[in-house]
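Below is one structure, written out as structure tokens, with a few remarks after it.
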Amino acid sequence: MILPRLVRKIPGSALLGWLALFYLPVLMILIQAFFRDGRPGWGNFAQILTDPYYGRLALVTLGQALLSALLSLAVAFPCAALFVHYDFTGKKALLSLTTLSFILPPILVVLGFVIFWGNRGTVNGFLMSLLHWEEPPLSLLYSFKAIILAHVFYNVPLALRYLYTQWSSLPRSHYEAASTLGASRFQTFRHVTLPRLAPSAASSLLIIFLYCFLSFAIILVLGGGPRYSTLEVEIYRQIKFNLDFPLGSALAAGETLICLLAIFFYLKKSSQEEDLSSEETLRPRKIGRRALPLLLLYLLLSALFFGGPMLSLIARSFQYTPSRTAEPQLSLFWYRRLFSPTGRTGAEVTFRALKNSLFYGGWTTCLTLMTGTGAAFLSHRKKMILPGLTELLLLLPMGISSIVTALGYLLISSRLRTGPFLSDLSVIMAHTFIALPFVYRSIATALGQMDRSLRESALIQGAGEWQTLLYIELPLLARSLVSGAIFAFALSMGEINAVLILAPPNRITIPIAVYRLIGSYNYPGACAMGTLLILISLAAFLIMNGLDRE
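Number 568 marks the last residue of the sequence shown (our numbering); no jumps.
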């Protein structure tokens, strides 16, 4: 009796041990916070709490994250209302584009904003030619406004997805009852719609706040220097450049505490969302003449704000200016340069960046998929050891900065001094740690929705556990598995933080190449390299969208 019990506990114990390996670097960084000059104490925290610089840094970080989240939700609300109440051509395609924000690398958002909103960018260029001005009328880049705009651009699709999913599933009977009682549209919205959307709106607000609070690439490039720096950038600066692990770790500890509070409230609000899938829902009506101008205005503004930066980035990659006084020409010059045999941005650099990105992406996908799938099955079979703790460890990476994770691996690799192999392994582990919560939740949700009678019937007819898994369950989970694999791969391909900190100089990836080209003010070359990354992200998006339609 004892032996079978021990055997049943082996997978759960192995999962808990495997997760502990992911958290070891984070714990090492956080432990550093309690030491200064080799002595234990609270000196690092005292320095942070008494120095006005860090107080201002915390206020800027919290302020930009909260404002970005509120504006993203405010922009998404009328869009969600439009999609819920009206049916029109292209609606499904527009809704599916909300998935793109999950896999679009932040460095592309940064580059797109520079090309679109810069002093000599698309918008200012158009206004200068229209108004015959010599100076750009808009000055947005390297400011607080640029940070907020970039975050809103990145997160509105996420807020829209949250709101639309819940709003479109509200029972039609509630609206019919309100109409029978003589309630106006505004009263119905206030007393019927808003209370039921509140948990979903709060969930999206918290998760967007979390993403903006932990934003790094957008702040690093668009912040314009220390004035709009955040805790995330300061942690990176203190540990990577000042080599002050104790102070950086103390900042990381404070940041992590705030993130964990946000995760706690997010999970609490998510659990309050109603499951209304069994009830008859609202029926969208065909768009009429009164709502048509609103739709056209929405499409125009969306094309300008959301499509403009990415389209401008792609268009810029096909422009070549022979001299400062010459007009831009349509050309493949920058692509030829990327794939030329010689040069700093030649084929050797391009193919090395692509190879390294595929290397990290491939291994990250394998590790994330194996861990996420195994954890989902153990949770579904109720075979986890300490299930509450294990579930928490699987979801906590959403609230732990990738910079903190990467710096933890850097601390370990610097002490072991084992060379490039450990650096590559650290990048893969960090990427897996980042992608794991999303892949796990996706597979666990699909597994929970599976008809249990199919497995029970197979077992009754004599099929073994492994046969049932291979021939019944895994084929039914195929879409979720492929979707999770694509998400992990796309996230790894576009991730910059861990590679920037951990990878050796020769391990350049596509996002790092784009970042370096931006740093050297070679924006056309960065756009050409960025377009390659857009094509990879677009391919991932099309595959995921195709799976959703099946």
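Backbone N, C-alpha and C define an ideal beta-carbon position, used for all residues, glycine too.
Just verifying my parser: in three-state terms, what is the DSSP assignment at Tyr254?
Helix, per DSSP.
Do you know offhand how far Arg57's Cα is from Val422's?
Cα to Cα, the separation comes out at about 22 angstroms.
What's the call for Phe451, buried or exposed, on a 16-neighbour Cβ count within 10 Å?
Classification of Phe451: buried, given that the 10 Å Cβ count is 16 or more.
Looking only at its chain, what residues have a beta carbon closer than 7 angstroms to the beta carbon of Leu21, apart from the 5 residues adjacent to it on each side?
Interpretation of Leu21 is limited by its pLDDT of 38, a score under 50 that renders its predicted location unreliable; no figure is taken from the coordinates.
In terms of DSSP beta bridges, what is Asp105 paired with?
Asp105 is bridged to Lys304.
Run through the region 54-80 for me and flag every whole alpha helix (DSSP H) of 4 or more residues, listed as ranges in chain order.
For the region 54-80, whole alpha helix (DSSP H) runs of length 4 or above, ordered along the chain, are 61-68.
Let's see if you can read the secondary structure: which residues bound the alpha helix (DSSP H) around Val445?
Element bounds for Val445: 438-466.
Straight-line CA distance for Cys230 to Ile237?
Rounded to whole angstroms, Cys230 to Ile237 spans 9 angstroms at the Cα level.
How many Å lie between Ile281 and Ala464 at the Cα?
Going from the Cα of Ile281 to the Cα of Ala464 covers about 22 angstroms.
Please report the straight-line C-alpha distance between Arg525 and Arg534, rounded to a whole angstrom.
Each residue's Cα considered, the two are about 13 angstroms apart.
Spatial neighbours of Ser431 within its chain, please: C-beta separation below 8 angstroms, excluding the five flanking residues on both sides.
Hits under 8 angstroms: Leu440, Ser441, Ser444, Leu520.
Going by DSSP, what residues sit across from Tyr338 in a beta bridge?
For Tyr338, which the question treats as bridged, DSSP gives the partners Gln347.
Under a three-way DSSP split, which group does Pro522 fall into?
Three-state DSSP puts Pro522 in coil, outside helix and strand.
List the whole-angstrom C-beta distance separating Ser267 from Asn173, where the pair is believed to meet the contact cut-off of C-beta under 8 angstroms.
So it is not a contact: roughly 29 angstroms between Cβ atoms.
Please work out which residues of its chain come closer than 6 angstroms, Cβ to Cβ, to Leu278, disregarding the five sequence neighbours upstream and downstream, and give them in chain order.
Hits under 6 angstroms: Gly417.
Cutting at 7 angstroms between CB atoms, please list the residues of its own chain near Val141, excluding the five before and the five after it.
Counting only Cβ-Cβ distances below 7 angstroms, and skipping sequence neighbours, we find Phe134, Trp135, Leu156.
Cβ of Asn62 less than 9 angstroms from any chain C Cβ?
No chain C appears in this structure, which consists of one protein chain only.
Are the Cβ atoms of Met176 and Ile225 separated by less than 9 angstroms?
The sequence shown places Leu at residue 176, not Met. Yes. Within cutoff.
Would you identify the three-state DSSP class for Leu24, choosing helix, strand or coil?
Unreliable positioning characterises Leu24 in this predicted model, as indicated by a pLDDT of 41, which lies under 50. The coordinate reading is nonetheless provided below. Of the three classes helix, strand and coil, the one that applies to Leu24 here is helix, per DSSP.
Cα separation between Pro542 and Leu472?
So the two alpha carbons sit approximately 55 angstroms from each other.
Evaluate the contact criterion for the region 376-393 versus the region 507-517: three or more CB pairs, one atom per stretch, below 8 angstroms.
Contact holds: three or more Cβ-Cβ distances are below 8 angstroms.
For the alpha helix (DSSP H) that Pro217 lies in, which residues bound it at each end?
From DSSP, the alpha helix (DSSP H) with Pro217 extends over 212-231.
Kindly give me the distance between the Cβ atoms of Leu126 and Gly548, rounded to whole angstroms, as I take these residues to be in contact under 8 angstroms.
Between Gly548 and Leu126 the Cβ distance is about 5 angstroms, and since that is below 8 angstroms, they are a contact.
Determine the DSSP secondary structure at Ser431, reduced to helix, strand or coil.
Ser431 falls in the helix class under three-state DSSP.
Whole angstroms are fine: how far does the CA of Val500 sit from the CA of Leu411?
Spanning the two alpha carbons is a distance of roughly 23 angstroms.
So, with DSSP's three-state summary, where would you put Met19?
Residue confidence for Met19 is low, a pLDDT of 43 falling below 50, so the modelled location carries little weight; the figure read from the coordinates is stated next. Residue state, collapsed to three classes: coil.
Can you tell me whether DSSP reads Tyr539 as helix, strand or coil?
DSSP places Tyr539 in coil when its eight states are reduced to three.
To the nearest angstrom, report how far apart Leu551 and Arg334 are at their CA atoms.
Roughly 15 angstroms between the two C-alpha positions.
Do Leu318 and Gly390 come within 9 angstroms of each other at the CB atom, strictly closer than that value?
No, the pair does not count as a contact, with Cβ atoms beyond the cut-off.
Relative to the alpha-carbon of Leu396, which residue among Ala462, Gly81, Gln205 has its alpha-carbon at the smallest distance?
Closest by alpha carbon: Ala462.
Can you give the Cα-Cα distance for Ile276 and Leu487, rounded to whole angstroms?
So the alpha carbons of these two residues sit roughly 40 angstroms apart.
Mind checking which residues open and close the alpha helix (DSSP H) that includes Arg138?
Looking at the DSSP string, Arg138 is not in any alpha helix (DSSP H), and its letter there is neither H nor E.
Among Asp469, Phe52, Val517, Leu372, which one has its Cα closest to the Cα of Pro264?
Out of Asp469, Phe52, Val517, Leu372, Phe52 has the C-alpha closest to the C-alpha of Pro264.
Counting along the chain, where does the alpha helix (DSSP H) carrying Gly417 start and finish?
No alpha helix (DSSP H) holds Gly417; DSSP gives it neither H nor E.
For a quick check, are the C-beta atoms of Met511 and Leu310 less than 9 angstroms apart?
No, the pair does not count as a contact, with Cβ atoms beyond the cut-off.
Rank Glu483, Gly480, Ile166, Thr107 by C-alpha distance to the C-alpha of Leu88 and give the top, closest one.
With distances taken between Cα atoms, Leu88 lies closest to Ile166.
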